[in-house]
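Read in order, the letters of the sequence shown correspond to residues 71 to 160 in the working numbering. Read the structure below first, then the notes.
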Amino acid sequence: EKVEREIESFNRLSQQLFAHFNQKSQQQIATAKWQMEISDKKIICYLENEQYRGELSETTAKLIDNLKTALLGTSYGVYYEKGIIEIRSK
71 EKVEREIESF
81 NRLSQQLFAH
91 FNQKSQQQIA
101 TAKWQMEISD
111 KKIICYLENE
121 QYRGELSETT
131 AKLIDNLKTA
141 LLGTSYGVYY
151 EKGIIEIRSK
């Protein structure tokens with residue numbers, strides 16, 4: 071639930087920002103959005119549009135920090151590699 075809240079919060083903010091700047095620039099640039107795949111053993115999060123990986127590296131680092139903070143005191147860790155955030159047991 072904590073992970074879902076963080077991802078949803080990012081996606082809402084991203085949607086608002088892209089809508090604002092698309093309106094100002096009269097463009098239709100696709101919103102940066104994180105997707106989640108939840109299984110019994112882990113949660114995998116990835117950007118829906120891979121083009122944003124490099125452009126959002128600082129934002130991704132902040133999201134990872136937020137996820138780590140949200141999971142403090144739990145048995146779960148947050149791992150990042152090649153544009154994929156993975157939450158699983160430590």
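Virtual Cβ for every residue (Gly too), placed ideally from N, Cα, C.
| Asked | Found |
| --- | --- |
| Starting from LEU137, follow the beta strand (DSSP E) in both directions and report where the run begins and ends. | That residue, LEU137, is in no beta strand (DSSP E); its alpha helix (DSSP H) goes 127-140. |
| Quick check: the segment 140-157 against the segment 81-100, are there 3 or more CB pairs under 8 Å? | no |
| What is the rounded straight-line gap between the Cα of LEU113 and the Cα of GLN97? | First, the residue type needs correcting, since residue 113 is Ile and not Leu in the sequence shown. Near 33 Å, if we compare the C-alpha coordinates of GLN97 and ILE113. |
| Can you name, in chain order, every residue of its own chain whose Cβ lies under 8 Å from the Cβ of ILE134, other than the five neighbours on each side? | VAL148, TYR150 and ILE155 |
| So for ILE108, helix, strand or coil by DSSP? | strand |
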